[in-house]
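Notes follow the structure.
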């Protein structure tokens, strides 16, 4: 493939940033890739494993002269990092991010950025239960959607260039408006994650069911909940705090529905249960027909060809 | 392997029974295997695909002379089927079942059985989202647990023979008391399934998030919920109606916990969320250390080597 950016800076060196580095190298998409992480230990690991062509000692140093700067830090610190790098940004550079929520990130980051850069938020719908600089791999984004969330009046050339980078890294891309993104993700990701965390917490509390039993028999349905519940706590705390309204709205609807089903169980209303379970089959058929499932359901977590 | 039973009768010819047939043939574990299904269409499909050595026109005919009779029908009809076959059971035969709940099945089946047979309930923790006579495959039980639930004063020889059959079909086996089984399954399977059904129902209701979006971006976490929610409605209706108390108890604990997390989100109590998400990591580590997970998390649904 052809090079899309001469200089790319990755701020934050966790799962997504490290996967982006290996994916950009696989595709020959970037010239020099610089990186910075807050923790000295992470920077040392990065140098040790060859993650980034140059690991810098400050975010400002990393973004100097970069044509693309990607903020790969938890949503909660995006604003602070944007303020820190703003003075060092090269005129004409594109700034992007990989946050799981978009409205809050835009509100936190945009005000700090100078007029001479383009801000093009993005969100790759890919991850694993692992985190840190050693967790990345080049195939993470293959056949997965990356949502591009351009702001009003965004420079189309900048948007299309970033889109080309993500496609070069293997992703399918779509453009979406920020608030709609946050609602769609609340349904397809954020609420399911909170629900999985909750179910694992319940199992962990139940002393009559020993951990070893919950663990041994987890394949009966519980196991994937635990995979989700092993995701990075800081990332998910920030997701829920920053997509609060949409998540609470979906969870509200969820508890309403759950109560209706609990009531049907209590009242032994088999017809209600059967009708409900029959209806939910349709959406599954839709996913299969859309070619969006494989034999390895994985909460978007396992690398594979789609 | 060596033959364990001369004559086995499978009552009901869905996913579990058809997988048992192919697994018994793979292992050479049974002489003649007879089968019966209520629906003529199912019986015709079975004959067409060679499912069972002999497909019978009645349950009584199928169990005649059988050394092992396995009830593979929905939990809600186990009692009626037991009453129907009781007079035809061969003295010394073992009667078993594959129901996902055990106390209700024992209460429904045991009273109908003559003293001259041994009743040894069992539950294979394996399945797929598919159902019907064409859905079975020999590897379904490989490396999966099958729980054997002997009654008080059960004949040990009968218990050990059935255990040997399940091990011959590839399963790991454990013995468990009925009520404890129902509680463990409520935690590891029944509650997670109801929760997944609920989340899919919510997504299906949300008109602002089009089905196509929910489907396209399902890999972000939602997809496995839909896999579960495609499971057989009749089977699951009966599971919830027949494991009512344990399921409602777990769901009650679940909603308590969920409300606490919703409140933490509303109050923006990041420390509570972070502490909770950190705690749930431990149980996941336990599952990995116990060798009970693979790269294909599947709600116990996809055939594979463990």
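Chains as they are written, first to last, in the numbering used here: chain B, 23 to 328; chain F, 23 to 328. Heads up, the beta-carbon is just placed ideally off N, CA and C, and yes, glycines get one too.
_Considering only DSSP beta bridges, list what residue 169 of chain F is partnered with._
Looking up residue 169 of chain F in the second chain gives position 147. According to DSSP, residue 169 of chain F bridges with F/145 and F/196.
*asked:* Residues in the same chain with beta-carbon distance under 8 Å from residue 137 of chain F, minus the five sequence neighbours each way, listed in chain order, please.
replied: Within the second chain, the letter at position 115 stands for residue 137 of chain F. Counting only Cβ-Cβ distances below 8 Å, and skipping sequence neighbours, we find nothing.
*How many whole angstroms separate the CB atoms of residue 268 of chain B and residue 205 of chain B, which I take to be in contact at a CB cut-off of 8 Å?*
On the first chain, position 246 is the one that residue 268 of chain B refers to. On the first chain, position 183 is the one that residue 205 of chain B refers to. Residue 268 of chain B to residue 205 of chain B, Cβ: 5 Å. Contact.
_Beta bridge counterpart(s) of residue 18 of chain B as assigned by DSSP_ = Shown here, chain B extends from 23 to 328; a query on residue 18 of chain B therefore has no answer.
*So, are the CB atoms of residue 116 of chain F and residue 183 of chain F less than 8 Å apart?*
If you number the second chain from 1, residue 116 of chain F lands on position 94. If you number the second chain from 1, residue 183 of chain F lands on position 161. Yes. Within cutoff.
_CB contact check: residue 71 of chain F to chain B, cutoff 8 Å_ = Counting from 1 along the second chain, the entry for residue 71 of chain F is found at position 49. It does not; no Cβ of chain B falls within 8 Å.
*Would you mind stating whether residue 120 of chain F and residue 94 of chain F have Cβ atoms separated by less than 8 Å?*
In the second chain, residue 120 of chain F corresponds to position 98, counting from 1. In the second chain, residue 94 of chain F corresponds to position 72, counting from 1. For residue 120 of chain F and residue 94 of chain F, yes; Cβs fall inside 8 Å.
*Assigned secondary structure, residue 2 of chain F (DSSP; H/G/I helix, E/B strand, else coil)*: Lying before the first or after the last residue shown, residue 2 of chain F is absent from chain F, which here runs from 23 to 328.
*Tell me, please, whether the CB atom of residue 258 of chain B is closer than 8 Å to any CB atom in chain F?*
Here residue 258 of chain B refers to the residue found at position 236 of the first chain. At least one chain F Cβ lies under 8 Å of residue 258 of chain B.
*Would you kindly work out how many angstroms separate the C-alpha atoms of residue 229 of chain B and residue 42 of chain F, rounded to a whole number?*
Mapped onto the first chain, residue 229 of chain B falls at position 207. Mapped onto the second chain, residue 42 of chain F falls at position 20. Their Cα atoms are separated by approximately 34 Å.
*Taking only the alpha-carbon atoms, compute the straight-line gap between residue 65 of chain F and residue 58 of chain F and give it to the nearest angstrom.*
Here residue 65 of chain F is taken as the residue at index 43 of the second chain, counted from 1. Here residue 58 of chain F is taken as the residue at index 36 of the second chain, counted from 1. Residue 65 of chain F and residue 58 of chain F: Cα-Cα distance of roughly 7 Å.
*Establish whether the CB of residue 38 of chain B and some CB of chain F are separated by less than 8 Å.*
Residue numbering aside, residue 38 of chain B sits at position 16 when the first chain is read from its first letter. So no, residue 38 of chain B is outside the interface.
*For the beta strand (DSSP E) that residue 117 of chain B lies in, which residues bound it at each end?*
Here residue 117 of chain B refers to the residue found at position 95 of the first chain. Taken as a continuous stretch (DSSP letters only), the beta strand (DSSP E) holding residue 117 of chain B covers 116 to 119.
*Quick one: is residue 151 of chain B buried, meaning 16 or more other Cβ sit within 10 Å of its Cβ, or exposed?*
Here residue 151 of chain B refers to the residue found at position 129 when the first chain is read from its first residue. By the neighbour-count rule (16 or more Cβ atoms within 10 Å), residue 151 of chain B is buried.
*asked:* Quick check on this structure: which residue in B/276, B/135 and B/168 has the alpha carbon closest to the alpha carbon of residue 149 of chain B?
replied: Counting from 1 along the first chain, the entry for residue 149 of chain B is found at position 127. Nearest C-alpha to residue 149 of chain B: B/168.
_Does residue 80 of chain B pass the burial test, meaning 16 or more other C-beta atoms within 10 Å, or should it be called exposed?_
Indexing the first chain from 1 puts residue 80 of chain B at position 58. With fewer than 16 other Cβ atoms within 10 Å, it is exposed.
*Any residues in the region 270 to 287 of chain B with a beta carbon nearer than 7 Å to a beta carbon of chain F? Which ones, in chain order?*
270, 272, 273, 275, 276, 277, 279, 280, 283, 284 and 287
*Is it right to say residue 118 of chain B is buried, meaning 16 or more other beta carbons lie within 10 angstroms of its own, or is it exposed?*
Taking the first chain and counting its residues from 1, the one referred to as residue 118 of chain B is at position 96. Looking at its Cβ environment, which holds 16 or more other Cβ atoms inside 10 Å, residue 118 of chain B is buried.
*Kindly indicate the opening and closing residues of the beta strand (DSSP E) around residue 93 of chain F.*
Start at 1 with the first residue of the second chain, and residue 93 of chain F comes out as number 71. It spans 90 to 93 - the beta strand (DSSP E) in which residue 93 of chain F sits, taken as one unbroken run.
*Leaving aside the five residues before and after residue 225 of chain F along the sequence, list all residues of the same chain whose C-beta is less than 6 Å from its C-beta, in chain order.*
Here residue 225 of chain F refers to the residue found at position 203 when the second chain is read from its first residue. Only 236 meet the Cβ criterion.
*Residues within the region 159 to 193 of chain F neighbouring chain B, beta-carbon criterion of under 7 Å*: 166 and 167
*asked:* Residues in the same chain with beta-carbon distance under 6 Å from residue 295 of chain F, minus the five sequence neighbours each way, listed in chain order, please.
replied: Sequence index remark: in the second chain, residue 295 of chain F carries index 273 (1-based). The answer, listed in chain order, is 286.
*Under 8 Å by beta carbon: chain B residues contacting residue 226 of chain F*: As a first step, residue 226 of chain F is located in the second chain; it is residue number 204 there, counting from the start. 301, 302, 304 and 305, listed in chain order.
*Mapping DSSP to helix, strand and coil, what is residue 233 of chain B?*
Looking up residue 233 of chain B in the first chain gives position 211. Helix, per DSSP.
*Could you check the C-alpha separation between residue 193 of chain B and residue 72 of chain B for me, to the nearest Å?*
Working through the first chain from its first residue, we reach residue 193 of chain B at position 171. Working through the first chain from its first residue, we reach residue 72 of chain B at position 50. Using only the alpha carbons, I get a separation of about 24 Å.
*asked:* Please tell me whether residue 211 of chain F and residue 242 of chain B are closer than 8 Å, where the distance is taken between their beta carbons.
replied: The residue given as residue 211 of chain F occupies position 189 in the second chain. The residue given as residue 242 of chain B occupies position 220 in the first chain. Cβ distance < 8 Å, so residue 211 of chain F and residue 242 of chain B count as in contact.
*asked:* Between residue 322 of chain B and chain F, is the shortest Cβ-Cβ distance under 8 Å, so that the two count as touching?
replied: For the purposes of this step, residue 322 of chain B is identified with residue 300 of the first chain, where counting begins at 1. With a pLDDT of only 35 at residue 322 of chain B, under 50, the local geometry of the prediction cannot be trusted, and the value read off the model is given with reservation. Yes, because at least one Cβ of chain F sits closer than 8 Å to the Cβ of residue 322 of chain B.
*For residue 317 of chain B, which three-state DSSP category applies?*
Start at 1 with the first residue of the first chain, and residue 317 of chain B comes out as number 295. Model confidence at residue 317 of chain B stands at a pLDDT of 41, short of 50, so the residue's coordinates are unreliable; what they give is reported in the following sentence. Looking at residue 317 of chain B - three-state DSSP - the assignment turns out to be coil, as it is neither helix nor strand.
*What do you reckon, are the CB atoms on residue 301 of chain B and residue 154 of chain F nearer than 8 Å?*
Along the first chain, one-based indexing puts residue 301 of chain B at 279. Along the second chain, one-based indexing puts residue 154 of chain F at 132. It is not a contact, given that the beta carbons lie outside the stated cut-off.
*residue 106 of chain B lies in the alpha helix (DSSP H); which residues open and close that run?*
Numbered from its first residue, the first chain carries residue 106 of chain B at position 84. Residue 106 of chain B -> alpha helix (DSSP H) spans 100 to 107.
*asked:* Buried or exposed, going by whether 16 or more other CB atoms sit within 10 Å of the CB of residue 260 of chain B?
replied: Along the first chain, one-based indexing puts residue 260 of chain B at 238. Label assigned to residue 260 of chain B: buried.
*Report the neighbours of residue 206 of chain B on chain F: residues whose CB is nearer than 8 Å to its CB, in chain order.*
Translated into the one-based positions of the first chain, residue 206 of chain B becomes position 184. Residues of chain F passing the Cβ test: 231, 235, 236 and 239.
*Step through the CB atoms of chain B and report whether any lies within less than 8 Å of the CB of residue 266 of chain F.*
Position 244 of the second chain, counted from the start, is the residue given in the question as residue 266 of chain F. It does: the Cβ of residue 266 of chain F has a partner Cβ on chain B nearer than 8 Å.
*Take residue 245 of chain B as the anchor and find which of F/27, F/303 and F/283 has the nearest alpha-carbon.*
Counting from one through the first chain, the residue named residue 245 of chain B turns up at place 223. With distances taken between Cα atoms, residue 245 of chain B lies closest to F/303.
*Do three or more CB pairs link the region 95 to 103 of chain F to the region 128 to 137 of chain F at distances below 8 Å?*
yes
*Which chain B residues sit within Cβ distance under 7 Å of residue 100 of chain F?*
Counting from one through the second chain, the residue named residue 100 of chain F turns up at place 78. None at all; the shortest Cβ gap to chain B is about 15 Å.
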